[in-house]
Amino acid sequence: DHDNASIVVLPSRNQTMTEEETKSNNSLTYSEGAKLPPTAPSWAIAASERLKKRREEGYTSSCNPPPNVKKVLLHSCCAPCSGAMVEEMCSSDKLDQVVVFFYNPNIHPRQEYEIRKEENKRFCEKLGIEFVDCDYDPENWYSRMKGMEFDPERGRRCTECFDMRMERCALYAHENGFDAIATTNATSRWKDAKQVDDSGYRAAARYEGLKYWCQNWQSDEMTLRKYEISANERFYKQEYCGCSYSLRDSNDWRKANMIPKIKIGGDTAGLGDRYFSDPLVDAAEESQDVVDEFFSQANEIAETAGNDIMKRKEALKVYKDRRKTEKTDGVVNGLNNWS
Numbered sequence: 375d376h377d378n379a380s381i382v383v384l385p386s387r388n389q390t391m392t393e394e395e396t397k398s399n400n401s402l403t404y405s406e407g408a409k410l411p412p413t414a415p416s417w418a419i420a421a422s423e424r425l426k427k428r429r430e431e432g433y434t435s436s437c438n439p440p441p442n443v444k445k446v447l448l449h450s451c452c453a454p455c456s457g458a459m460v461e462e463m464c465s466s467d468k469l470d471q472v473v474v475f476f477y478n479p480n481i482h483p484r485q486e487y488e489i490r491k492e493e494n495k496r497f498c499e500k501l502g503i504e505f506v507d508c509d510y511d512p513e514n515w516y517s518r519m520k521g522m523e524f525d526p527e528r529g530r531r532c533t534e535c536f537d538m539r540m541e542r543c544a545l546y547a548h549e550n551g552f553d554a555i556a557t558t559n560a561t562s563r564w565k566d567a568k569q570v571d572d573s574g575y576r577a578a579a580r581y582e583g584l585k586y587w588c589q590n591w592q593s594d595e596m597t598l599r600k601y602e603i604s605a606n607e608r609f610y611k612q613e614y615c616g617c618s619y620s621l622r623d624s625n626d627w628r629k630a631n632m633i634p635k636i637k638i639g640g641d642t643a644g645l646g647d648r649y650f651s652d653p654l655v656d657a658a659e660e661s662q663d664v665v666d667e668f669f670s671q672a673n674e675i676a677e678t679a680g681n682d683i684m685k686r687k688e689a690l691k692v693y694k695d696r697r698k699t700e701k702t703d704g705v706v707n708g709l710n711n712w713s
């Protein structure tokens with residue numbers, strides 16, 4: 375219920391800066407991260423060259439906001455997904471203001487929620503970008519997801535989850551004079567971009583004059599830049615999407631592939647590194663092979679078993695036995711990076 379929601383706004387330092395300081399603060403600069411080795415994949419080398427050329431030319435933003443959009447409310451799911459989008463938006467001379475909006479009642483448990491939120495907040499504070507801390511209301515989220523507990527990732531539950539978060543984002547944007555909304559969910563290969571964008575369009579359509587900003591945020595340049603920034607900032611590497619059902623399904627997938635369970639917080643992850651450190655290694659963990667294998671298994675079990683818990687256990691056993699007999703394909707070495 376919006377009337378009962380608690381929203382905390384952290385003012386942007388830009389409000390008290392001189393014009394020169396503000397301009398300097400929004401000229402986001404980072405190290406390029408790890409130097410690409412000769413064995414780097416071709417997509418990364420090509421993207422790196424294009425980024426290098428843009429830097430040499432003064433880093434012209436690739437942002438293309440909708441017509442007449444000057445003030446944007448950016449819904450953020452986490453710091454790693456927001457880095458490249460924030461850089462692109464704040465480097466654009468077409469925008470006057472970018473505000474980050476954190477509303478993610480899907481994230482479970484509370485410890486994981488606080489880790490992701492506080493890291494995102496620190497990142498915005500460091501850059502002097504206004505951060506809106508919206509209410510954590512998991513009860514409303516669970517109520518809305520009722521009956522979809524066993525839907526696969528990218529299914530109806532995910533659509534409802536995107537809708538819920540973007541609806542709250544659109545309401546805040548409408549009440550506070552923003553021209554458009556956008557979301558960092560659109561940057562991840564783990565997400566169906568059309569599913570994310572459709573939720574954004576539906577939410578914005580509720581309010582006259584409000585627009586949803588749709589752009590290809592999953593380009594090779596954006597992907598490489600996202601991992602460069604995440605490595606430079608040593609962001610926390612989350613091991614699952616966020617909700618309790620994603621945590622359950624991810625651990626089921628790991629168990630079937632003989633991979634250690636997910637760890638929440640701490641300095642060690644269930645698999646791989648706890649923090650981003652190398653753009654290419656981090657990107658490989660989000661490779662298309664890893665993504666495709668996970669969703670193939672999730673959809674197979676959902677279609678076979680539905681909501682029947684016993685059938686789900688049987689389907690998981692069948693999948694586990696099949697994976698044991700398959701040759702090592704490299705796919706099981708991933709899935710500890712859901713950014």
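Take the sequence shown: its position 30, counting from 1, is numbered 404 in this note's numbering, and each next residue is one higher. Virtual Cβ for every residue (Gly too), placed ideally from N, Cα, C. Since this is a predicted model, take the numbers as computed values, not measurements.
Buried or exposed for Glu488, going by 16 or more other Cβ atoms inside 10 Å? Looking up residue 488 in the sequence shown gives position 114. That one is exposed.
Do you know offhand how far Arg528's Cα is from Met459's? Sequence index remark: in the sequence shown, residue 528 carries index 154 (1-based). Sequence index remark: in the sequence shown, residue 459 carries index 85 (1-based). Answer to the nearest angstrom: the Cα atoms are 22 Å apart.
Expected contact under 8 Å - CB spacing of Tyr575 and Tyr586 to nearest Å: Walking along the sequence shown from the start, residue 575 turns up at place 201. Walking along the sequence shown from the start, residue 586 turns up at place 212. The pair is a contact, with the Cβ atoms about 5 Å apart (cut-off 8 Å).
Among Lys637, Pro411, Ser416, whose alpha-carbon lies nearest the alpha-carbon of Glu595? Stepping through the sequence shown from its first residue, residue 595 is reached at position 221. Checking every option, the nearest Cα to that of Glu595 belongs to Ser416.
Are the CB atoms of Phe536 and Asp507 within a distance shorter than 7 Å? The residue you call residue 507 lines up with position 133 of the sequence shown. The residue you call residue 536 lines up with position 162 of the sequence shown. Taking 7 Å as the Cβ cut-off, Asp507 and Phe536 do not qualify as a contacting pair.
Could you check the C-alpha separation between Met522 and Ser620 for me, to the nearest Å? Numbered from its first residue, the sequence shown carries residue 522 at position 148. Numbered from its first residue, the sequence shown carries residue 620 at position 246. Approximately 12 Å between the Cα atoms of the pair.
Cβ-based neighbour list, Glu573, same chain, cut-off 7 Å, excluding 5 preceding and 5 following: For the purposes of this step, residue 573 is taken as residue 199 along the sequence shown, with counting starting at 1. The sequence shown places Ser at residue 573, rather than the Glu named in the question. Answer for Ser573: Thr533, Phe536, Asp537, Met540, listed in chain order.
If you measure between the beta carbons of Leu425 and Lys444, is that distance less than 7 Å? Taking the first residue of the sequence shown as 1, we reach residue 425 at position 51. Taking the first residue of the sequence shown as 1, we reach residue 444 at position 70. No; because the gap between Cβ atoms is not below 7 Å, this pair is not in contact.
Taking all protein chains shown into account, decide if Gln612 is buried (16 or more other Cβ within 10 angstroms of its Cβ) or exposed. Locating residue 612 in the sequence shown gives position 238, counting from the first residue. Buried, because 16 or more other Cβ atoms sit within 10 Å of the Cβ of Gln612.
Leaving out the 5 sequence neighbours to the left and right, which residues in its chain are closer than 8 Å to Lys635 when beta-carbon positions are compared? Residue numbering aside, residue 635 sits at position 261 when the sequence shown is read from its first letter. Counting only Cβ-Cβ distances below 8 Å, and skipping sequence neighbours, we find Asn625, Arg628, Lys629, Gly644.
Quick check on Ser670: buried or exposed, where buried means 16 or more other Cβ atoms within 10 Å of its Cβ? Walking along the sequence shown from the start, residue 670 turns up at place 296. So Ser670 counts as exposed.
With respect to the alpha helix (DSSP H) encompassing Phe505, which residues constitute its N-terminal and C-terminal limits? Start at 1 with the first residue of the sequence shown, and residue 505 comes out as number 131. Segment 505-507 is the beta strand (DSSP E) holding Phe505; no alpha helix (DSSP H) there.
What distance in whole Å lies between the Cβ atoms of Trp591 and Ala560, which are believed to be in contact at a cut-off of 8 Å? What you label residue 560 is simply residue 186 of the sequence shown in a count that begins at 1. What you label residue 591 is simply residue 217 of the sequence shown in a count that begins at 1. About 5 Å separates the two Cβ atoms, so the contact holds.
Would you mind stating whether Ser456 and Thr558 have Cβ atoms separated by less than 7 Å? Within the sequence shown, numbered from 1, the residue matching residue 456 stands at position 82. Within the sequence shown, numbered from 1, the residue matching residue 558 stands at position 184. A contact, by the Cβ cut-off of 7 Å.
Where Cys451 and Thr413 are concerned, what is the direct C-alpha to C-alpha distance, given to the nearest angstrom? Stepping through the sequence shown from its first residue, residue 451 is reached at position 77. Stepping through the sequence shown from its first residue, residue 413 is reached at position 39. In a straight line, the C-alpha of Cys451 is about 32 Å away from that of Thr413.
Would you report the Cα separation of Ala676 and Glu423, rounded to the nearest angstrom? Working through the sequence shown from its first residue, we reach residue 676 at position 302. Working through the sequence shown from its first residue, we reach residue 423 at position 49. Spanning the two alpha carbons is a distance of roughly 42 Å.
Does Arg563 come out as helix, strand or coil in the three-state DSSP assignment? Here residue 563 corresponds to residue number 189 of the sequence shown, with the count starting at 1. In the structure shown, Arg563 sits in coil (DSSP, three-state: anything other than H, G, I, E or B).
Under DSSP, the beta strand (DSSP E) around Ile555 begins and ends at which residues? Counting from one through the sequence shown, the residue named residue 555 turns up at place 181. Taken as a continuous stretch (DSSP letters only), the beta strand (DSSP E) holding Ile555 covers 554-557.
Rounded to whole angstroms, how far is the Cβ of Lys646 from the Cβ of Asn480, which I believe are closer than 8 Å? As a working note, residue 646 is residue 272 in the sequence shown. As a working note, residue 480 is residue 106 in the sequence shown. A quick correction: the sequence has Gly, not Lys, at residue 646. Contact doesn't hold; Cβ gap of about 23 Å is too wide.
Helix, strand or coil at Tyr581 according to DSSP, with G and I counted as helix: For this step, residue 581 is matched to residue 207 along the sequence shown. It is coil, neither helix nor strand.
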